[in-house]
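Here is the structure we will look at, set down as C-alpha cells.
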Amino acid sequence: MKRVLCIRFANWPIQCLRHHLREIASTSTSLAIHTAPPIPVDDRQKKSSLDEDTRFIRKLFPAAQGGPAIVAVSPDAWAKGVRPGMPLAEARSMAQPIAVNVTRRRPSKSESATTAPSVEFHEWQPERDRKVLKSVAELTRRYAPIVGLDDVPLPDSLLLDITGCGPLFGGEAGLAESLLRDLRQAGWSCRIAVAQTVSAVWALTHAEFARRPDANRANLDRRRPHRSVSESMLHELPIQIVPQGQHLAEINGLPVSASRLDLNDLEILSHLGIRSIGQLLGLPREDLPARLSANAILRIQQLSETIDEPIEPLPEANPIAATWSSDEPACGLIDVRHILQFLTDQIAEQLVRRRMACSSLSCVFKCNDGSLVPLNGSVVKPTQSSELLHEVLCLRVETEGTLFALEDTLFASGESGGDAAVSEEDMKSRLAGKVASLDSQPFSVASMTASVAPIPVARQRDLFSPAEHIVPQEELATLITRLSGRLGASSVLTVRGHADPRPEFSQLCEPILPQDPSSVRQSTLDTSLRRLIEPAGSTAIDSPAMVPRPLRLLANPQPIFSSAVGKHFPTEVIVAGKTLLLAEFSAAERIQTAWWTDQPCHRDYYQATTRSGSRLWLFRELQSNQWFLHGVFD
Amino acid sequence: MSPSAIRAETIQALRQQLVSSTKPQSSQRCIPTGLNSLDRLLPGGGLPTSSLIEWISDDAGQAAASLALRSLSPMLALPGCLVIIDEQHDFYANAAVAQGIPLSRLMLVRPQISTTGQSAIHGRSRFIRRTSISHSESLWALEQSARCPGVRAVLCWLDRASSAIMRRLQLAVERSGVTVMLVRPASVLSQASFADLRLHVKASDASEWSQQPQMRTQQQRNLSVRLLRSRHGLQHDGTAHLFQNPWEEQLCSC
C-alpha cells in the first residue's frame, strides 16, 4: 500500500528569510515580510506578469492589491502587533515604539536592555522561497525515491513517497525521526505526518492541533489570550504517523481549510455551515458541481480516495551529464555518430541507476579552433533508451543546416542544466559571431547534459484482444520525437480553430513538442497525445460553422494579373503552372474587419469554377479592386 | 532432387504466392466510406485499412483531397491520429471539418521550406514546387508516418515518387496497418501503380461556357469517381457519381 510523508515548514517565508539572513551574518529576530508595491500596468498585462503566488496573496489579503502589505511575521514581530494582511504603512507604525514622556518616568537600565528590537521589514521574494524549498528537498533524497512539492500556491511542504522505505530505517517512525533530526540540524523547523494519501498528510500537517482537534479547539479560544504567539505557531507533536486505513477517521475532525480548497469555495462552505472535512465528505456528491469549482471537486475526490494523486517529482539538483574527450581530434559525421553513441550510453546508464528518464538532451562540441557547436534533442515521452536518444540526435545532425541554426538555441537551453566541461559564460563569448560545422571542424571535447523526468507509467500490452484495441500512444510519441528531431519542433503541429473572420488567421498551428520541453509539464504532453489518439466521441466536430472554405489556402494570396478591373471578373488564373480558364462565379461573400484591427480586411470572396470543373477561391480587394487567388477547393 | 522437380516446386510456390497476393490480406479490414455509390464500387464495400490508396485528379481543385478526407473520416472512429503531410504549407484544416475530420485528431507535418534550395518560387503560381529539400523531407516524413502503428491514416499530396519509394510505402503500410492516401496529378496515370486502389476523380465540366465568366447561382457540384485499379480485383467496372453541396462542402452520394 502507498505511504506518503509530508514535511510542513511552518511560517515558511520567515524561515526562509532567517536562513538568508544567517548567511549574511544578521541576527535580527523580529522580522516581517511585505509584498512589493504594485506596478501600474495594463489590466491585460497584469494577469500574465503576476505569478501564481502573488495573485494568491492579493486574493487572500485585499490590502495587498492597493499597496505593499504584510505577508508573514516572526513571533517577535507578532508580539509588537504586526499581523499578516496589514498594510505596510500601518505595520510600520505599529512596530514603532510609542514615545514616552521622559519627564514622567525614565526607564530603568534593566527595562531598556530587555526592550524588544525594532521590526525589520523585508520585501517578499516568492521565487526565492520556492528555490530554497527545492534545495531543502535535496536533504530528503536519501529517504524516498520520489520527492515533490505540494501543488498549492505558496508551497510550504515537501511530499515524499516512502512506500516500502520504512523498514530500511527501522520503521516509519524511525524514518520520520531521522528525517526530522537531519532537518533540525540544517536549521529548519518542521512538522511531519505519514499516512496513506497526499491529501491526508497535507491536512494533518496544515491543521493546528491535529491530534485531538475537538478538545484542542475547545481549549484554543480559552488559552489564546494567555499564550505567546510563538507557542501557538509550534505544533505540539512534530511527528504524526497514521496507521494504514485510519487516515479518514483522523482527518474527519480537521477544519475544512485543511482540504486545499480555493478561497471562494471555502467561503461558500462557510456560508453553508460546513466546518470540518468530515462534514464536507458527507455532502451529496451530485450537488457539489453546481456549487463548487472544478478544483474543489478534484480535491474532494482526492480526499475521499476516488481518484489517486501522484506526487510530481522534483528533478535532482545535480545534472546527469557525460563528457567525451580525446587527444586525437575527431572529425566528420561518422565520428560524431560514434561519440553521440558513447555519450548517450553513459547518460542511459546514469538514468537507469537513478531510476529517472530523459526528456531532452543538450550536447556541445568544442572544436579545436575554439568554436562551439551545440546540438539539442527532445523526446515526447521521457525515456531511458539510449537507442532512441542517439537516434534523435543523429537525425538532428543529418538535417542540413541544423548545426548552424541551432546556435541561438544554445542560450535558451543553458538554463536546463550546467555544462560539465565548458562554462556558460565561456560558451557565450566564444560563440559570438562564430559558426562552426561538425562536418569540417575537428573537435576534441564533447559534453552532454540530460534533463530528467520521472519514468512514465508503463502501459501493459493487451495480450488477448485484437490489435485494434491497443492504444498505441507510445508509438505515436516515438514518431513525433523522430519527426521533431529531424524536421524541427515547429514542423510537427496540432491545429485548432481561432475566432477571426480573416481566413488566413482563423486556424492556429502549435508545435506538439515545445522548443523548451522543461516549460511544459509531462501531463500536458500526455493529454495532447491522448487527444490525438483516442476517438473523441460519437460525432464530435470541433467547429460548428461549416461555411464553404477551400482545403488549400494560400498563406499569402496570389495576385491575379488580368485585364479585368473593378467588378469585371478575371478570365484566367495560373494554378500549379497551368493556366485555367474561369467560367462561372458564385455570389459574393463579403469578409470585412473593423478599421482598428492591425491588418484590416475588406474583401468580396467568390467561388470560381473553371471550364475543367475545378473550383477556386478568389477575392476582390474592395479598396484597390485587385483580384487575388486565395485557395483551391481541392 | 532433380532440376525439374525443383523447378516444379518453385513454380508451385510462385503460383501460391500469386493467389495469396490477390486475396485481401487478413490484417486488412474494409470500412465503408458512408458514400453509398462509392462503397458499391469498392471491393469489400469500403476502403481497406492497412492499404495504399491513390486519388488522382486532372487539375487542382477537383475535390480529390476532399473526397479522400470524407472517405477516411469513418476510420477515425478507431484509435490513431490522422497525419497530413503538408509540404506546400497550405492545408486549411477548417475545411477538413466539413468532411467530418475532428481537428483534435489531426497532426500536421510541415517540413521547413529552405530558401537556399535549388528552386524558389517561379512565375505567378504559388503551387509550384519550391525546393527539393522539403520534398525529400516530406517523403521521409510520409514513410515514417506510414510505419507508425499509432497513426490511423496519412494524407499526402505527392506529385512524383520513384518506384522504390512507392514500394517502401507499400511494405510500410502492410506492416503497420496504416492507411496512406496519396493525392496525385493525372501525369502519374502512365506510371505503374503500387497502390491497393487507384481512383480517378473528375469534376463535371460543361461545354456551353460562354467566352466571358458569368455569375450564376451556385449549383451542386457533380463529381465522378472511377476505380482504375484494385489490387484485389475490380468488382465493378463502373463509375461512382457524387455531388457536393455548394454551401456546406459536404460530399454526398447520388
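Note that the protein sequences, when read in sequence, are chains A and B.
Under our numbering, residue 655 is the last one in the first sequence; the count climbs by one each step, no gaps.
Under our numbering, residue 279 is the last one in the second sequence; the count climbs by one each step, no gaps.
Heads up, the beta-carbon is just placed ideally off N, CA and C, and yes, glycines get one too.
Whose C-beta lies closer than 6 Å to the C-beta of V516/A among residues of the same chain, with five residues either side of it excluded?
For V516/A, where only same-chain residues beyond five positions count, the Cβ hits under 6 Å are Q528, C530.
Would you please verify whether the beta carbon of E412/A is less than 8 Å from any beta carbon of chain B?
No, because no Cβ of chain B sits closer than 8 Å to the Cβ of E412/A.
Quick one: what's C530/A bridged to in DSSP?
Note: C530/A sits in a beta bridge opposite V516/A.
What's the C-alpha gap between R223/B and Q37/B?
Taking the straight line joining both Cα atoms gives about 30 Å.
Would you check if there are 3 or more beta carbon pairs closer than 8 Å linking the segment 620-629 of chain A to the segment 505-515 of chain A?
No, because fewer than three Cβ pairs between the segment 620-629 of chain A and the segment 505-515 of chain A fall closer than 8 Å, the two stretches do not touch.
Can you tell me whether W223/A is buried or exposed, with buried defined as 16 or more other CB within 10 angstroms of its CB?
When all chains shown are included, W223/A counts as buried.
For a cutoff of 8 Å on Cβ pairs, would you count L302/A as touching chain B?
Not closer than 8 Å to any Cβ of chain B, the Cβ of L302/A fails to qualify, so no.
With the cut-off set at 8 Å, would you say V198/B and A217/B are in Cβ contact?
Not closer than 8 Å, so no.
Within its chain, find whatever has a CB closer than 6 Å to the CB of R24/A; leave out the 5 residues flanking it on each side and keep chain order.
Excluding residues within five positions, the ones whose Cβ falls inside 6 Å are I183, T184.
Among residues of its own chain, excluding the 5 on either side of P147/A, which ones have a beta-carbon nearer than 6 Å to its beta-carbon?
Result list for P147/A: D74, in chain order.
Please list, in chain order, the chain B residues whose beta carbon lies closer than 9 Å to that of L637/A.
Within 9 Å Cβ-Cβ: A85, G86.
When Cβ atoms are compared, which residues of the segment 116-134 of chain B fall closer than 8 Å to chain A?
Per Cβ criterion, the list reads F116, Y117, A118, N119, A120, A121, V122, A123, G125, P127, L128, S129, R130, L131, M132, L133, V134.
Measuring CA to CA, which of E271/A, S199/A, L179/A, S178/A is closest to P188/A?
Cα-wise, what sits closest to P188/A is S199/A.
Any contact between the segment 390-408 of chain A and the segment 467-479 of chain A? By contact I mean 3 or more CB pairs, one from each, below 8 Å.
Cβ pair count under 8 Å is three or more, so yes.
I'd like to check one pair, V568/A with V653/A: are the Cβ atoms closer than 8 Å?
Contact: no.
Whose Cβ in chain A lies nearer than 7 Å to the Cβ of C181/B?
The premise fails here: C181/B is roughly 13 Å from chain A at the closest Cβ pair, so nothing lies under 7 Å.
Provide the residue span of the beta strand (DSSP E) that contains E593/A, from first to last.
E593/A -> beta strand (DSSP E) spans 593-596.
Can you name the start and end residues of the beta strand (DSSP E) that Q137/B belongs to?
Element bounds for Q137/B: n/a, residue is neither H nor E.
Please tell me whether A90/A and M107/A are closer than 8 Å, where the distance is taken between their beta carbons.
In this structure, M107/A lies closer than 8 Å to A90/A by Cβ.
With a threshold of 7 Å on Cβ separation, who are the neighbours of L38/A within its own chain once the five nearest residues in sequence on each side are excluded?
So the list reads L52, I54, H143, once near-sequence residues are dropped.
Run the CB neighbour count on L354/A, radius 10 Å, all protein chains shown included, and call it buried at 16 or more, exposed below.
Classification of L354/A: exposed, given that the 10 Å Cβ count is below 16.
Output, in chain order, the set of chain B residues within a Cβ distance shorter than 7 Å of F386/A.
None at all; the shortest Cβ gap to chain B is about 23 Å.
Cβ of R200/B less than 8 Å from any chain A Cβ?
With 8 Å as the cut-off, R200/B does not count as an interface residue toward chain A.
By a C-beta neighbour count over all protein chains shown, 10 Å radius and 16 as the cutoff for buried, is G105/B buried or exposed?
Buried: at least 16 other Cβ atoms inside 10 Å.
Could you tell me the distance, in whole angstroms, from the CA atom of E495/A to the CA atom of E555/A?
Straight-line Cα distance between these residues: approximately 13 Å.
Compare the C-alpha of T344/A against each of L313/A, G303/A, H519/A, T470/A and name the closest.
The shortest C-alpha separation from T344/A is found at T470/A.
Name, going along the chain, the residues of the segment 93-105 of chain B whose beta-carbon falls closer than 9 Å to a beta-carbon of chain A.
For the segment 93-105 of chain B, which is checked against every Cβ of chain A, the residues closer than 9 Å are L94, L101, A102, L103, P104, G105.
Measure the CB-CB distance between T365/A and L410/A and report whether it falls below 8 Å.
Yes. Within cutoff.
Can you name the start and end residues of the beta strand (DSSP E) that H143/A belongs to?
That run of the beta strand (DSSP E) goes 141-144.
Determine the burial state of I109/B: buried for a count of at least 16 other Cβ atoms within 10 Å of its Cβ, exposed for fewer.
Buried, since its Cβ has 16 or more Cβ neighbours within 10 Å.
If we call anything under 8 Å between Cβ atoms a contact, is V94/A one with R104/A?
Yes, Cβ-Cβ distance for V94/A and R104/A is below 8 Å.
Does any residue of chain A have a CB that is nearer than 8 Å to the CB of R246/B?
Output row for R246/B: interface = yes.
Reducing DSSP to helix, strand and coil, say where W33/A ends up.
If DSSP states are grouped into helix, strand and coil, W33/A belongs with the helices.
Quick check on the DSSP output: the beta strand (DSSP E) that includes A615/A runs from which residue to which?
Taken as a continuous stretch (DSSP letters only), A615/A belongs to no beta strand (DSSP E), as it is neither H nor E.
Using a cut-off of 7 Å between C-beta atoms, extract the partners of H114/B located in chain A.
Here the neighbours are A576.
What residues of chain B sit near D547/A, judged by a beta carbon separation below 9 Å?
Residues of chain B passing the Cβ test: none, with the nearest at roughly 13 Å.
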